[in-house]
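Visitor: Below you'll find the structure I mean.
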Amino acid sequence: MNDKDSLELFLKENPEWKVVDNKLYREIVLNNFKEVVLVFNLISFLAEKLNHHPDLEVYYKKIIIKLFTHSANCITNKDIELANLIEKNLK
């Protein structure tokens, strides 16, 4: 499956993710800052595990995730793999 097909399937199966400015994008709204820190640490751990690092924006009760492969100048299967891993571990 190529990157485009993988992306279409991922978005169909994970409606909380979308493409914004050519990046795979998700907002996670949480109950408090402590939960934000825990989720941030989880995402950081998973990113290190895959050696693929997202842009993260951290707010009091929200995290924004942006995934994009800079070397390919587009969303690739590496981004989708990390997004899938994040989803699996958030459940």
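FYI, in my numbering the residues of the sequence shown are 179 to 269.
Glycine is no exception: its CB is placed at the ideal position from the N, C-alpha and C atoms.
All values reported here derive from a predicted model rather than from experimental measurement.
#1: Could you tell me which whole beta strand (DSSP E) segments of length 3 or greater appear in the stretch 243-269?
#2: Can you give the beta carbon distance from residue 267 to residue 220, rounded, assuming they're within the 8 Å contact cut?
#3: Can you list, in chain order, the residues of its chain with a C-beta nearer than 8 Å to that of residue 186? Leave out the 5 residues immediately preceding and following it.
#4: Taking residue 212 as the reference, give the member of 225, 192, 204, 236 with the closest Cα.
#5: Using a threshold of 7 Å, is the CB atom of residue 225 nearer than that to any non-hydrogen atom of the ligand SAH?
Guide: Inspection of the coordinates gives the following:
#1: DSSP assignment within the stretch 243-269 yields no whole beta strand (DSSP E) run of 3 residues or more.
#2: Rounded to whole angstroms, the Cβ separation of residue 267 and residue 220 is 6 Å, and the two are in contact under 8 Å.
#3: There are no such residues.
#4: Checked all of 225, 192, 204, 236; the closest Cα to residue 212 is 236.
#5: This structure simply doesn't include the ligand SAH, nor any ligand for that matter.
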